[in-house]
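Asks: One structure follows; several queries about it will come next.
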Amino acid sequence: MTAEEKAGQLTLYTSGWDITGPVLRDDYMDELRAGRAGNLFNAHTVDYARNLQRIAVEETRLGIPLLFGLDVIHGYKTTFPIPLAEASSWDMDIIEKSAHLAAKEAASAGINWTYNPMVDIARDPRWGRIAEGNGEDPYLGSLIGAAKVRGIQGTDLSDPTTILACVKHFAAYGASQAGRDYHTVDMSDRELRQNFLPPYKAALDAGAATVMTSFNELDGVPASGNHYLMTEILRNEWGFDGFVVTDYTSINEMVPHGVVANLKEAAELAFNAGVQMDMQGGVYSEYIPELLAEGKIKEADLNEYVRQVLEMKYKLGLFDDPYRYLNKEREQATLYSQEMMDHSLLAGKESIVLLKNEPAGRASENLLPLSKNTRSVALIGPLADNQKDMLGTWHVAGDESKVITLLEGIKKTAPNVQINYARGAGFNGNDKSGFAEALAAARRSDVVIMAIGEDYTQSGEAASRS
1 MTAEEKAGQL TLYTSGWDIT GPVLRDDYMD ELRAGRAGNL FNAHTVDYAR NLQRIAVEET
61 RLGIPLLFGL DVIHGYKTTF PIPLAEASSW DMDIIEKSAH LAAKEAASAG INWTYNPMVD
121 IARDPRWGRI AEGNGEDPYL GSLIGAAKVR GIQGTDLSDP TTILACVKHF AAYGASQAGR
181 DYHTVDMSDR ELRQNFLPPY KAALDAGAAT VMTSFNELDG VPASGNHYLM TEILRNEWGF
241 DGFVVTDYTS INEMVPHGVV ANLKEAAELA FNAGVQMDMQ GGVYSEYIPE LLAEGKIKEA
301 DLNEYVRQVL EMKYKLGLFD DPYRYLNKER EQATLYSQEM MDHSLLAGKE SIVLLKNEPA
361 GRASENLLPL SKNTRSVALI GPLADNQKDM LGTWHVAGDE SKVITLLEGI KKTAPNVQIN
421 YARGAGFNGN DKSGFAEALA AARRSDVVIM AIGEDYTQSG EAASRS
């Protein structure tokens, strides 16, 4: 392999669809044919991914198959509860099965690598990505991280219903100051090891194949250039032998962090810190050959990094059959199968948290389940007759047309009950024009059900409340 081809195996580009940031390159097809891009993400559906795999296998000099990655956070097409909700179930069997079915469905559509589980401990509810994680407790987070890895990867990566897991974001991303995304983290080593590292370690002990770096800096050093995290802890202490991928352009972002002067220095810092793969930045593809020629990185390290990536492709069986995840019949049989739908319903039920169950002023009574003598219900709120926002943040490929709204569901479940629906208000702003209708609906009903919460854009990356 040439230095350029080796750098290509350490390069990951988006296929043109993204939800995490601007697309920096639109020439990935040329890069792919030149052997300068060995991995793609956001290239899902069998028809689309199969053609890209064909190009990699048939039109490049070495014919090395691609990895196809995707953020399958809580389901691929069939959507399961957001991770924070599933964590509230404390049911590891359900959580593991959700991960398995999500991986199975994604695998049927050409995906063989997911950026999941996200195990960042978060204790500031203003942080926008708290919905992707498992809450604030490192013990619960460790159990869930391990369960998700088992579900995603199974016991045999050559099984085409399993895919590579990627534990993220290493490390301490959820501790960003003031809950502000991408912000700095400043903590003692004791705090880091006691409260933030255990879930990553548990996921790796369960066999997680890959690790993703975090956007934040830790004690002044960006994670993607942090030798202490990526080599001393991850490799030397924990014995990790998979590969590390950056988050979206996080090598490039070390320039505005102020720790390097330019992208070439950023590539050198990340590489020598122990980061194997560059997501979307293009800096490894651009600068690794030059850094190697100048002696600023070692060829032995480059070969080892490439081995780690190729070994994962081998374990997936891609060298035996590059198209093993690209079967149209399997895709059609798997998407929205009854198995998927049944588990989505079960996981949804088990994720519900009941905080209080009493009518106003009558503490000795239960309000739920609603009495069968209930004749009328006021259903009020922006989530009452809403499909898209019920999918939740990071629903990726979920189809809102498949969603049964709360209004539709209650009407089907209780056809003889009068449902008085009013939206009442939106998610944001000070518009009170719907209040009168909502109050009128409440006055003429026996019971009021409020369907309130966030729209799907109010949580997630770059959606902090501070």
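Heads up: the sequence shown begins at 1 in the working numbering, then just goes up one per residue. Cβ coordinates follow ideal geometry from the N, Cα and C atoms, glycine included.
Using the rule of at least 16 other Cβ atoms within 10 Å of the residue's Cβ for burial, across every protein chain shown, is D389 buried or exposed?
Replies: That one is buried.
Asks: Can you give the Cα-Cα distance for L269 and G348, rounded to whole angstroms?
Replies: Roughly 44 Å between the two C-alpha positions.
Asks: Do you know whose CA, among L406, Q387, K168, lies nearest I380's CA?
Replies: Minimum Cα distance to I380 is reached at L406.
Asks: So which of I152, A147, A122, W127 has the shortest CA-CA distance to P138?
Replies: Nearest C-alpha to P138: A122.
Asks: Considering only residues of the same chain and omitting the five flanking positions on each side of G21, which have a CB-CB separation below 6 Å?
Replies: Interpretation of G21 is limited by its pLDDT of 39, a score under 50 that renders its predicted location unreliable; the figure taken from the coordinates is listed afterwards. Y248, listed in sequence order.
Asks: The beta strand (DSSP E) with L197 in it runs from where to where?
Replies: Run containing L197: none; DSSP gives neither H nor E here.
Asks: So, using beta-carbon positions, are G523 and D186 closer together than 9 Å?
Replies: Absent from the structure is residue 523, since the part of the chain shown begins at 1 and ends at 466.
Asks: In chain order, which continuous runs of the beta strand (DSSP E) of length 3 or greater are located wholly inside the stretch 132-211?
Replies: You should have 166-170.
Asks: Which term fits A236, buried or exposed, when burial requires 16 or more other beta carbons within 10 angstroms of its beta carbon?
Replies: It is Asn, not Ala, that sits at residue 236 in the sequence shown. Result: exposed.
Asks: 9 Å is my cut-off, CB to CB: does V448 come that close to chain B?
Replies: Chain labels in this structure do not include chain B; a single protein chain is all it has.
Asks: State buried or exposed for K432, treating a residue as buried only when at least 16 other CB atoms are found within 10 Å of its CB.
Replies: The residue is exposed, with fewer than 16 neighbouring Cβ atoms inside 10 Å.
Asks: With respect to the alpha helix (DSSP H) encompassing N303, which residues constitute its N-terminal and C-terminal limits?
Replies: 299-315 is the span of the alpha helix (DSSP H), which, as asked, contains N303.
Asks: Am I right that P487 and A175 are in contact with their C-beta atoms under 8 Å? What's the rounded C-beta distance?
Replies: The structure shown does not extend to residue 487, since the chain spans only 1 to 466, so no value can be given for it.
Asks: Comparing C-alpha positions only, which one of D120, Y115, A103, L310 sits nearest to Y325?
Replies: That would be A103, whose Cα lies nearest to the Cα of Y325.
Asks: To the nearest angstrom, report how far apart Y13 and G69 are at their CA atoms.
Replies: Using only the alpha carbons, I get a separation of about 10 Å.
Asks: Sort D241, I251, G429 by Cα distance to N226 and report the nearest one.
Replies: Ranking the options by Cα distance to N226, first place goes to I251.
Asks: Skipping 5 residues on each side, what residues in its chain have a beta carbon closer than 8 Å to that of I545?
Replies: Residue 545 lies beyond the residue range present for the chain, which begins at 1 and ends at 466; the question has no answer from this structure.
Asks: In chain order, what are the residue ranges of uninterrupted beta strand (DSSP E) at least 3 long that sit wholly in the stretch 387-450?
Replies: You should have 418-422, 447-450.
Asks: Measuring straight from C-alpha to C-alpha, what distance separates S464 and A131?
Replies: When rounded, the distance between both Cα atoms is 11 Å.
Asks: In the DSSP assignment, the beta strand (DSSP E) including Y13 goes from what residue to what residue?
Replies: First-last of the beta strand (DSSP E) with Y13: 11-14.
Asks: Measure from the alpha carbon of W127 to the alpha carbon of each residue in E105, R180, I95, then state which is nearest.
Replies: If we check each option's Cα against that of W127, R180 comes out closest.
Asks: Counting C-beta neighbours from all protein chains within 10 Å, is the total for D30 16 or more, i.e. buried, or is it exposed?
Replies: Result: exposed.
Asks: Specify, as a first and last residue, the run of the beta strand (DSSP E) that N39 falls within.
Replies: That run of the beta strand (DSSP E) goes 39-41.
Asks: May I ask you to report which of helix, strand or coil DSSP gives T2?
Replies: Three-state DSSP puts T2 in coil, outside helix and strand.
Asks: Going by alpha carbons, who is nearest to N386 out of S376, T374, D399?
Replies: Nearest of S376, T374, D399 to N386, Cα basis: D399.
Asks: CB of G429 to nearest heavy atom of the ligand ATP: below 8 Å?
Replies: Questions concerning the ligand ATP fall outside what the structure shown contains, since it holds no ligand whatsoever.
Asks: Would you call the stretch 51-61 in contact with the stretch 317-324, where contact means no fewer than 3 C-beta pairs closer than 8 Å?
Replies: Yes, since at least three Cβ pairs between the stretch 51-61 and the stretch 317-324 fall closer than 8 Å, the two stretches touch.
Asks: Which same chain residues, not among the five before or five after S158, have their C-beta less than 6 Å away from its C-beta?
Replies: G317.
Asks: With distances taken between CB atoms, is the gap from M254 to S224 smaller than 9 Å?
Replies: Contact flag set, yes.
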